[in-house]
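Colleague: This is the structure, below, for whatever I ask next.
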Amino acid sequence: MNFKTLLVDDDQVILFLHQKMCQLSNFDSQAITLDSGEKLLDYLKQNDDDKADFVIFLDINMPGLNAWDVLDHLKNNKILAELYIILVTSSVDNADKTKAKDYNLILDFIEKPIKVEQLKDLQKHPGLQHLF
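So for the sequence shown, the numbering used here puts the first residue at 6; every next one is plus one.
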């Protein structure tokens, strides 16, 4: 299965760290970094076809479009590619976990920084294991 990993966070240090973790865990050696929700939506619009799926690690709190804004946009607009979204946050808030249940695209919810072990576990996730 062909897929691309998209790391979305407004913090460049976190993006660098998460990209390295993707490499070290053999999750994806060519993860793409995007620093805003707007850039994610633009990227998906420009690269939307049925040839590749997207595993998206999406930071909840970002300036401009936050994760909820992005998810609302994706929910209301047809995307050909399969999207697998993992919400990433610096503090896991129960209100966010409850809100996440309203979105079928969300596979998991993890605290940052992402660790190698978490990425290895995600490779075995029932919603993702077919990609590996």
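No residue lacks a Cβ here, since even glycine has one placed at the ideal position from N, Cα and C.
#1: For the alpha helix (DSSP H) that residue 116 lies in, which residues bound it at each end?
#2: Can you name the residues that DSSP bridges to residue 37?
#3: Report yes if the CB atom of residue 46 is closer than 7 angstroms to the CB atom of residue 13, and no otherwise.
#4: Using 10 angstroms around the beta-carbon of residue 69, count the other beta-carbons present and answer buried if the total reaches 16, otherwise exposed.
#5: Rounded to the nearest angstrom, what separates residue 37 and residue 24 at their Cα positions?
#6: Can you tell me where the alpha helix (DSSP H) holding residue 18 begins and where it ends?
#7: What number of angstroms, rounded off, separates the C-alpha of residue 120 from the C-alpha of residue 26?
#8: Determine, using beta carbons only, whether residue 62 and residue 88 come nearer to each other than 7 angstroms.
#9: Can you check DSSP and say which residues form a bridge with residue 75?
#10: Using only the alpha-carbon positions, how far apart do residue 41 and residue 90 sit?
Modeller: According to the structure shown:
#1: As a first step, residue 116 must be located in the sequence shown, where it is residue number 111. Element bounds for residue 116: not the alpha helix (DSSP H) but the beta strand (DSSP E), 111-116.
#2: Numbered from 1 along the sequence shown, position 32 holds the residue referred to as residue 37. Answer by DSSP bridge pairing, in chain order: 11.
#3: As a working mapping, residue 46 is identified with position 41 in the sequence shown. As a working mapping, residue 13 is identified with position 8 in the sequence shown. Not closer than 7 angstroms, so no.
#4: For this step, residue 69 is matched to residue 64 along the sequence shown. By the neighbour-count rule (16 or more Cβ atoms within 10 Å), residue 69 is not buried but exposed.
#5: Here residue 37 is taken as the residue at index 32 of the sequence shown, counted from 1. Here residue 24 is taken as the residue at index 19 of the sequence shown, counted from 1. Residue 37 and residue 24 have their C-alpha atoms roughly 8 angstroms apart.
#6: Translated into positions along the sequence shown, residue 18 becomes position 13. Its alpha helix (DSSP H) spans residues 17-29.
#7: Within the sequence shown, the letter at position 115 stands for residue 120. Within the sequence shown, the letter at position 21 stands for residue 26. Near 6 angstroms, if we compare the C-alpha coordinates of residue 26 and residue 120.
#8: In the sequence shown, the residue the question calls residue 62 occupies position 57. In the sequence shown, the residue the question calls residue 88 occupies position 83. No, they are not a contact pair.
#9: Position 70 of the sequence shown holds residue 75. Answer by DSSP bridge pairing: none, since residue 75 is not bridged.
#10: Sequence index remark: in the sequence shown, residue 41 carries index 36 (1-based). Sequence index remark: in the sequence shown, residue 90 carries index 85 (1-based). About 15 angstroms.
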